[in-house]
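Numbering (the numbering used here), first residue to last: 13 to 281.
Please read the structure below before turning to the comments.
Here's what the structure looks like:
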């Protein structure tokens, strides 16, 4: 099987690295096509250990990943559509619906994919929705590609992609924000910045490992840690009282709404 990438930003690079690390495909089985800037494409391909190729090579690919910025999709579609026949098309572009993909590329087998940055260390989680023309063989190939980066979850409906963005695609930034706030509080209380950052970061990693290993629900683990009338219980009560849950929910809702608005705008073009 041969896979081609159109665009190689951070997320595409993370996916390529995970696919190679999991030995799903070899470097000569992954193509990178950059018709607008071939030299940059060659440099990126060399850095990632894959193969730079001309657009004509897309005809030899079994699957093609559209990984450019969504606002660049229409122009890219016009450029690459002549080389598309019946290849599987995977899109990691937020806001680009099946409707938009078909409008710009024709009636092809499409899969919409929403990974997160954990893919770069093969600990990501990816949600994906399958279009009507995708065969069982293509679906299995796509799942193998996506599972190389961690957990891959097939969604029942395309509309769930926006929810995945809110809970997983954007959420690594939420966790980083929590670590920034926690370490910042310790620094303001007199702790050295490096120590504060290490305490916050390593505690977060350890907690995630416990949740993964046991497994235990976050609610159960939190209750286990929160001794009655102790410091943890007091801290959690203070956070909830200050609107912690409200803030997190607001962030999730805003991410979902932004995704839906982007989809509506691109569909209308």
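C-beta atoms are modelled at their ideal positions from N, C-alpha and C, and glycine is treated no differently.
Please read all numbers here as calculations on a predicted model, not as lab measurements.
Problem - Residue burial classification, residue 215 (beta-carbon count within 10 angstroms, cutoff 16) - result: As a first step, residue 215 is located in the chain shown; it is residue number 203 there, counting from the start. The residue is exposed, with fewer than 16 neighbouring Cβ atoms inside 10 Å.
With distance defined between alpha-carbon atoms, name the residue in 35, 77 and 243 nearest to residue 46. Along the chain shown, read from residue 1 onward, the residue named residue 46 stands at position 34. Considering only alpha carbons, the answer is 77.
According to DSSP, is residue 136 helix, strand or coil?
Sequence index remark: in the chain shown, residue 136 carries index 124 (1-based). Strand.
Taking three-plus beta-carbon pairs below 8 Å as touching, is the stretch 189–198 in contact with the stretch 165–174? no
* Asked: Applying the criterion that 16 or more other CB atoms from any shown protein chain within 10 Å of the CB defines a buried residue, is residue 116 buried or exposed?
  -> Here residue 116 refers to the residue found at position 104 when the chain shown is read from its first residue. The residue in question, residue 116, is buried, as its Cβ has 16 or more Cβ neighbours within 10 Å.
### Query
Three-state secondary structure (DSSP) at residue 169?
Translated into the one-based positions of the chain shown, residue 169 becomes position 157. In the structure shown, residue 169 sits in coil (DSSP, three-state: anything other than H, G, I, E or B).
Between the alpha carbons of residue 174 and residue 33, how many angstroms are there, rounded? Here residue 174 refers to the residue found at position 162 when the chain shown is read from its first residue. Here residue 33 refers to the residue found at position 21 when the chain shown is read from its first residue. Rounded to the nearest angstrom, the two C-alpha atoms are 29 Å apart.
Original post:
How would you label residue 128, buried or exposed, when you count the other beta carbons within 10 angstroms and need 16 or more for buried?
Top reply: Numbered from 1 along the chain shown, position 116 holds the residue referred to as residue 128. So residue 128 ends up on the buried side.
request  = Would you mind working out which of 50, 49, 55 and 16 sits nearest residue 40, comparing C-alpha positions?
outcome  = If you number the chain shown from 1, residue 40 lands on position 28. With distances taken between Cα atoms, residue 40 lies closest to 16.
Query raised in the report: Mind checking whether residue 237 and residue 243 have CB atoms under 8 Å apart?
Result: As a position in the chain shown, residue 237 is number 225, starting the count at 1. As a position in the chain shown, residue 243 is number 231, starting the count at 1. Cβ atoms of residue 237 and residue 243: not closer than 8 Å.
Margin query: Give me the DSSP bridge partner(s) of residue 131.
Written below: If you number the chain shown from 1, residue 131 lands on position 119. Answer by DSSP bridge pairing: none, since residue 131 is not bridged.
May I ask which residues mark the beginning and end of the alpha helix (DSSP H) holding residue 215?
-> The residue labelled residue 215 in the question sits at position 203 within the chain shown. Looking at the DSSP string, the run of the alpha helix (DSSP H) that includes residue 215 is 205–225.
Notebook entry, point to check: Where do the ends of the alpha helix (DSSP H) carrying residue 89 lie?
Noted result: In the chain shown, residue 89 corresponds to position 77, counting from 1. From DSSP, the alpha helix (DSSP H) with residue 89 extends over 85–92.
Going by other Cβ atoms of all chains shown within 10 Å of its Cβ, with 16 needed for buried, is residue 112 buried or exposed?
As a first step, residue 112 must be located in the chain shown, where it is residue number 100. Per the 10 Å Cβ criterion, buried.
Q.
Can you look up residue 48 in the DSSP assignment and give me helix, strand or coil?
A. For this step, residue 48 is matched to residue 36 along the chain shown. If DSSP states are grouped into helix, strand and coil, residue 48 belongs with coil.
Original post:
In chain order, what residues of the same chain have a beta carbon less than 6 Å from the beta carbon of residue 176, not counting five sequence neighbours either side?
Top reply: Mapped onto the chain shown, residue 176 falls at position 164. 126 and 139.
- prompt: What number of angstroms, rounded off, separates the C-alpha of residue 239 from the C-alpha of residue 86?
  reply: Walking along the chain shown from the start, residue 239 turns up at place 227. Walking along the chain shown from the start, residue 86 turns up at place 74. Rounded to the nearest angstrom, the two C-alpha atoms are 56 Å apart.
_Separation of residue 36 from residue 152, as counted between CA atoms_ = Locating residue 152 in the chain shown gives position 140, counting from the first residue. Locating residue 36 in the chain shown gives position 24, counting from the first residue. Computed Cα separation, rounded: 12 Å.
Who are the Cβ neighbours of residue 274 in its own chain at under 8 Å, not counting the five residues just before and after it?
Position 262 of the chain shown, counted from the start, is the residue given in the question as residue 274. Hits under 8 Å: 82, 106 and 107.
Please work out which residues of its chain come closer than 6 Å, Cβ to Cβ, to residue 145, disregarding the five sequence neighbours upstream and downstream, and give them in chain order.
Here residue 145 is taken as the residue at index 133 of the chain shown, counted from 1. If we look at residue 145 and ignore the five residues flanking it on each side, its Cβ neighbours are 121.
For a test of the three-state rule: what should DSSP assign to residue 228, helix, strand or coil? For this step, residue 228 is matched to residue 216 along the chain shown. In this structure, residue 228 counts as coil in the three-state DSSP scheme.
Check: In the DSSP assignment, what are the bridge partners of residue 126?
Finding: If you number the chain shown from 1, residue 126 lands on position 114. DSSP output for residue 126 lists 139 as bridge partner(s).
**Prompt:** Thinking C-alpha only, which one of 182, 135, 181 and 150 is nearest residue 159?
**Reply:** Here residue 159 corresponds to residue number 147 of the chain shown, with the count starting at 1. Nearest C-alpha to residue 159: 135.
Note to self: Counting C-beta neighbours from all protein chains within 10 Å, is the total for residue 133 16 or more, i.e. buried, or is it exposed?
What the structure shows: Working through the chain shown from its first residue, we reach residue 133 at position 121. With fewer than 16 other Cβ atoms within 10 Å, it is exposed.
Worksheet item: Who pairs with residue 101 in a beta bridge, going by DSSP?
Response: Counting from 1 along the chain shown, the entry for residue 101 is found at position 89. In the DSSP output, where bridge partners are listed per residue, residue 101 has 76 and 122.
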